[in-house]
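Data first, discussion second: the structure below is written as structure tokens.
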Amino acid sequence: MAAITALPTTEATVPVTSPTGSVTARRLAALRALAETEPIAAQDAVWSWLQRVGAELPGAAAELELAELFALGTAADVDGQTAGLLVGWCSPSGLDRSGSVVYNVARWAVSLTGIMPWVGKKFDKAAGRGTNTMTVLAPILVKLIAPRYRMRRVGRYWEGFAMLNRVEESVVSPGTQVLVLDYEADEVANPYPINRIRDEAVELVPGTYLGAKIWHQPDGYRQLAYWAAKARVG
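Start counting the sequence shown at 2; every next residue gets the next number (my numbering).
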């Protein structure tokens with residue numbers, strides 16, 4: 002798979018063409034039209050769509066469908082709290098040793114326990130920053146990988162793993178403008194392995210976003226998973 006210009010070639014980058022006549026493109030266009038009059042119904046339909054396709058991950062057909070959806074999106078324009086969903090795991094090839102460990106441990110833990118401590122992301126659009134919202138289980142798990150890292154309690158949830166946000170071209174979907182969620186910046190001081198992660202997010206319909214979770218290694222990028230987020234609409 003070819004990375005964008007100025008980045009090393011990686012097998013995680015998939016050039017996806019999205020012809021306006023494709024089934025996926027027509028369906029998304031119809032839901033965007035619906036969102037103009039019934040934004041909640043459109044959001045619910047897209048969310049269900051992502052859940053259905055995500056249930057088929059990792060799988061070639063599902064990954065291609067999500068890649069096309071991602072390429073059809075626009076850079077996410079989001080502010081405030083969102084609710085999150087792990088859509089599903091990809092089948093990356095060419096991961097370095099660290100990436101393989103992170104991918105396999107994360108996937109194994111979620112599959113074995115059936116517990117997802119991540120519940121969403123909070124964005125501060127004006128500041129170009131954000132953070133992740135998690136359950137009470139998260140601080141316990143974090144101690145296993147980063148004993149000195151401290152999360153912050155906000156109400157009944159915990160926040161941590163800050164990111165800097167900016168719009169630029171995707172590293173996994175060439176030509177697609179995305180909102181980058183940068184966990185690598187020294188300014189946000191994330192622990193390893195979070196500081197090797199880059200998220201990208203696009204909007205599918207108002208208030209509904211599809212995200213790519215990406216591992217950064219010396220020779221480029223590899224996509225680990227898809228996630229989604231939604232904000233209140235209507």
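Backbone N, C-alpha and C fix where the C-beta goes; we use that ideal spot for every residue, glycine too.
With a cut-off of 8 Å on the beta carbons, I'd call residue i and residue j a contact; round off their distance for me.
i           : j           : result
residue 236 : residue 120 : Residue 236 lies beyond the stretch modelled for the chain, which goes from 2 to 235, so this question has no answer here.
residue 137 : residue 232 : Between residue 232 and residue 137 the Cβ distance is about 23 Å, and since that is not below 8 Å, they are no contact.
residue 225 : residue 202 : Incorrect: roughly 15 Å between the Cβ atoms, too far for contact.
With a threshold of 6 Å on Cβ separation, who are the neighbours of residue i within its own chain once the five nearest residues in sequence on each side are excluded?
i           : result
residue 219 : none
residue 82  : 123
residue 147 : 192
residue 56  : none
Please state whether DSSP places residue i in a helix, a strand or coil.
i           : result
residue 158 : strand
residue 75  : strand
residue 149 : coil
residue 187 : helix
residue 54  : helix
residue 108 : helix
residue 47  : helix
residue 226 : strand
residue 257 : Shown here, the chain extends from 2 to 235; a query on residue 257 therefore has no answer.
With a CB to CB cut of under 8 Å and the five nearest residues on each side skipped, what residues in its chain are close to residue i?
i          : result
residue 66 : 25, 54
Using the C-alpha atoms, what's the distance from residue j back to residue i?
i           : j           : result
residue 107 : residue 38  : 40 Å
residue 206 : residue 70  : 11 Å
residue 151 : residue 23  : 47 Å
residue 126 : residue 166 : 8 Å
residue 32  : residue 84  : 20 Å
residue 59  : residue 190 : 31 Å
residue 93  : residue 212 : 16 Å
residue 229 : residue 153 : 23 Å
residue 109 : residue 98  : 16 Å
residue 88  : residue 46  : 15 Å
With distance defined between alpha-carbon atoms, name the residue in the options nearest to residue i.
i           : options            : result
residue 44  : 228, 224, 204, 217 : 204
residue 76  : 200, 114, 217      : 200
residue 144 : 51, 193, 175       : 193
Among residues of its own chain, excluding the 5 on either side of residue i, which ones have a beta-carbon nearer than 7 Å to its beta-carbon?
i           : result
residue 234 : 40, 41, 44, 207, 208
residue 196 : 184, 185
Considering only heavy atoms of the ligand HEM, does any lie closer than 7 Å to the CB of residue i?
i          : result
residue 91 : No copy of the ligand HEM occurs in the structure displayed, which carries no ligand at all.
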